[in-house]
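K.L.:
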């Protein structure tokens, strides 16, 4: 049942009381609602601002994270061999494309720029906006870059006018990508935030109006009901009203809930319920406010900036943990302390003055810079932003300071400024010591505790000298001047020799400074850190040192600073040395230009002379001053040698100017001032600056003498210097033309190859001068015999060639040959000496089957050999049978060459015995050829061809090496085998390095000299000269034995036997085989044995095959024998058994 109405149950007076009570309740409710409105507005503003800040930071960090992730992905995709620079460029392009396309819900975007001000993404993309200012004159981009370089943060400014952008206050967050040199940020317009907050405020106000309207409506309803039931419920209304008031007061004081069930009247129950709902909303608002305050407190406490609340007197009322950490003081130690005490004493008064001015004048808050002293005494540079705290009346009641440590930023700025100052000095060419002193000065400015010095290393003396210092004691500098670097020679000496940084925290106790301890006790210096100054080539140029007046280790910042200073010093020193070297090079070039005999001049782009050296002016017949500024072509290059004009466009110098390419002209004509000309060779080289041709340098010289010499050389190249006849080269060219004529029109010709018989005997007996005169006389007689169309040439030595052209029959060639033999057979008188010689001639009648010039000469040579074999002093024509023999010899030559290379040769050994005792005394090595198809070949089958075809030397070298290896093997095995004889060829003995070659083989194989016996024939002995004699003596003294092989078949005399040191003569088998039947052979053998005995030489008889021969030799005193009677040539294995038998029997 509904409660009764109060209006019909109370009186007018009770109605007034009731209305007053209701008004009171409504007033209380309005107060609660207003408080709720204020608190909720503040909460909404703070929360929305924080959300925008967090959203800006999140967007920037997402963009940076994407960039780094993209770089990692591109690097992995490219692989290990890819170019890092190319990967980075590709990654940056992809990131910028993504960021430029990115737009957020409110139209905001990500902007990106480089630290030099170039915009990469955003409304100013592609422009350098480093100097862009807003309406207040603030350089916006510079502020963003500074905030990014400081590690990131918020910047507020008025947005400059850009396309599609409104100029309004804006809040932006920015962070760096240090490794790319970028800053990345995003922002939001302040009025966008304010408009959202205003919309929220409007929503709250509308709700408040609605609630007040509801309350007012309730008031009217209650008033009407109260008037209608006033009489009936006056008393109860009074009681319920009092209860309601009590409930409201209790709720205001204790936040207790209102219980409307205890009220009788519906109106008061409604009021109580409404009031209860309003109280609940107030509780929720207060809880949200507490949470917001907690969030802001958390932000303050975790902030890397240090934040303090300060009263107007400067006392610290609150300090966040960052303040305590940075200053090294506990929070309790900061609270209540005057903020000025954190500053150096000399700065405190100024701070207190500023605080007083802030409190009284209330200027616009701004940023200030000062220094704070930490608990450990360090001074740090800080940037402080002051903000006001006001009471409800707007009166300043204190300050909030937000500070950040800019020590490292300031240090970096000072480092950069100092470096720029030094580089500017370098660009202006200031002296080296001034620049090094400037480096010392700015390092000491950055680090007041540092006492710096720079020392230069003298590479010649390896000593250090002081180049720059400002605060080192003078007596200390003098004491260490010129100290030689080395390990343990202080920090600088050690750093210079090792090329590594040396850090000594305590000079008095460190072993590197032990030699200088007494000196350091006289100074306040206690620590020293030295960095080597290293050039681009890795060489140490000097050292950069920092001294300290207390024992201390360097901080990482100190180490970076000293390294940076050393690098800058290296740049300065190397640049100074380069400039000095350049100046010296220029001086040398100037001296070279003035002293060289080459003509040198320079031309500008118009072909005018810009400089000319004295040599060039002298060759051209001008004074140098007369040519400067003159065009060269009309003066020195106007005509050809025959006097015809030479257009300027035909000159190669003009091509050098137009095309920018080097030019070389081997034979040009230059004209002198007097009108004469001379041949010249010149080089034109373009002069460039910044890749543009600015002129030409021309270098030339007079080649008149060279051309004369070349003409003479040309003649000498094709003519014999002794006789003046054409030489082999010219003759072969004439022969080639004759062969071409034969093939073209069948013109026949004959080729004669001439060789003087026994010409060597003339040289040996009368000397080479007489031999040369004889060759000239022979050339004159031959020239007199031939026609003018025939060609006579000297091929070398005593060999001549004759081309007889246009012959009609073979008889003409024979007739000419006979005439030559007859003419040369007549006596020659040279130097008072009568000389009789003969000549052998080989003749080839050329036909179509001849392939080439070399083929012609080869065939004529074959005919010449046949003429010599026929008895000399005659002639022979080439026949096909000779070709077959030639081919056989050439094939044998090829196979023998391969046999030497393929190790197809082997040695047999024929033993030699003492005739009286029968003891083995040695053996002779005999070469054999194991032919792959024909089996074993004896020496007679290939040695003549080897001698004829030039293979005897490599064949003999192979035999000598093989014998020495066998000697080493037998010696190492302890076998007693006497000596092993080896036959030497004429080429081996005639080699200028004969002795050294033999010793080289012995050294390489390890053979002992006493086991080696070298044999050569009488013919070789006769050809030997004094050098060969000296080599034989030297080798004999080292233990090598020598023997003359085939003695009696040559032409040696007693003179040769006395002159050359030989140990043995070997009687040829030709005399032994008939010694018992032929009286002549017997006398020769007896005479040879007697000669050997008289000269103290051992005699060995070769080819002993019968006992009668052996008995004859024994009876007449021959000591040693060799032949089939005692042993055939045997392989090494059989010889070893023979040696072993001899050992056992002995």
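Residue numbers (full-length UniProt numbering): 1 to 1146. Don't be surprised by glycine CBs; every beta carbon is placed ideally from N, CA and C. Owing to the predicted nature of the structure, the values given are computational and were not obtained by experimental measurement.
#1: Reducing DSSP to helix, strand and coil, say where residue 721 ends up.
#2: Grab me the residues of residue 856's own chain with a C-beta within less than 8 Å of its C-beta, minus the 5 sequence neighbours each way, in chain order.
#3: If distances are taken between C-alpha atoms only, which option among 432, 58 and 823 comes closest to residue 187?
#4: Would residue 1133 be called buried (16 or more neighbouring beta carbons within 10 Å of its own) or exposed?
#5: Suppose you measure from the CA of residue 107 to the CA of residue 184; what does that come to, to the nearest Å?
#6: Give the secondary structure of residue 948 by DSSP, where H, G and I count as helix, E and B as strand, and everything else as coil.
#7: Looking at residue 341 and residue 319, is the spacing between their C-beta atoms short of 7 Å?
#8: Compare the beta carbon distance of residue 309 and residue 422 with 7 Å and say whether it is the shorter of the two.
#9: Count the other CB atoms within 10 Å of the CB of residue 890; is the residue buried (16 or more) or exposed (fewer)?
#10: Give me the Cβ distance between residue 370 and residue 343, rounded to the nearest whole Å; I'm assuming they're in contact under 8 Å.
#11: Once DSSP output is grouped into helix, strand and coil, what is the label at residue 290?
#12: Pick helix, strand or coil for residue 183, following the three-state DSSP scheme.
#13: Once you ignore the five residues that flank residue 868 on each side, which residues in its own chain have a CB closer than 6 Å to its CB?
#14: Using the beta-carbon count (16 or more within 10 Å), is residue 404 buried or exposed?
#15: Among 409, 448, 460 and 732, which has the Cα closest to the Cα of residue 378?
#16: Measuring CB to CB, does residue 804 end up less than 7 Å from residue 816?
#17: Using only CA atoms, which one of 972, 798, 788 and 690 lies nearest to residue 727?
#18: So what's residue 838 in DSSP terms, helix, strand or just coil?
#19: How many angstroms separate the CA atom of residue 109 from the CA atom of residue 173?
#20: Going by other Cβ atoms of all chains shown within 10 Å of its Cβ, with 16 needed for buried, is residue 1131 buried or exposed?
#21: According to DSSP, is residue 937 helix, strand or coil?
#22: If you draw a straight line from the alpha carbon of residue 1088 to that of residue 1082, how long is it in whole angstroms?
#23: Assuming residue 697 and residue 685 make a contact with CB atoms under 8 Å, what is their CB distance in whole Å?
#24: Restricting to Cα atoms, I'd like to know which of 995, 1020 and 673 is closest to residue 1040.
#25: To which residues of the same chain is residue 770 closer than 6 Å at the C-beta, ignoring the five residues directly before and after it?
#26: Could you give the first and the last residue of the continuous beta strand (DSSP E) run that contains residue 859?
#27: Just checking, does the segment 565-575 make contact with the segment 589-599 on the three C-beta pairs under 8 Å criterion?
#28: Which stretch, first to last residue, makes up the alpha helix (DSSP H) that contains residue 321?
#29: Quick one, are the C-beta atoms of residue 323 and residue 305 less than 7 Å apart?
#30: Which residue marks the beginning of the alpha helix (DSSP H) containing residue 421, and which one marks its end?
#31: DSSP puts residue 1120 in a beta bridge; with which residues?
#32: Taking the alpha carbon of residue 532 as the reference point, which residue from 541, 1137, 1090 and 877 has its own alpha carbon closest?
#33: What alpha helix (DSSP H) runs, 4 residues minimum, are completely inside the segment 458-485?
#34: Based on Cα-Cα distance, which residue from 321, 583 and 156 lies nearest to residue 366?
#35: Taking Cβ to Cβ, would you say residue 1015 is nearer than 7 Å to residue 1043?
#36: Ignore the nearest five residues each way along the sequence and tell me which others in residue 1052's own chain have a CB closer than 8 Å to its CB.
P.N.:
Reading it off the structure:
#1: coil
#2: 735, 739, 751, 844, 846 and 850
#3: 58
#4: exposed
#5: 17 Å
#6: helix
#7: no
#8: no
#9: exposed
#10: 6 Å
#11: helix
#12: strand
#13: 840
#14: buried
#15: 448
#16: yes
#17: 798
#18: strand
#19: 12 Å
#20: exposed
#21: strand
#22: 10 Å
#23: 5 Å
#24: 995
#25: 830 and 831
#26: Note, residue 859: premise wrong, no beta strand (DSSP E); alpha helix (DSSP H) at 853-869.
#27: no
#28: 321-327
#29: no
#30: 407-427
#31: 914 and 1100
#32: 541
#33: 474-480
#34: 156
#35: yes
#36: With a pLDDT of only 47 at residue 1052, under 50, the local geometry of the prediction cannot be trusted, and the value read off the model is given with reservation. Taken in chain order, the residues that qualify are 1018, 1021, 1022 and 1044.
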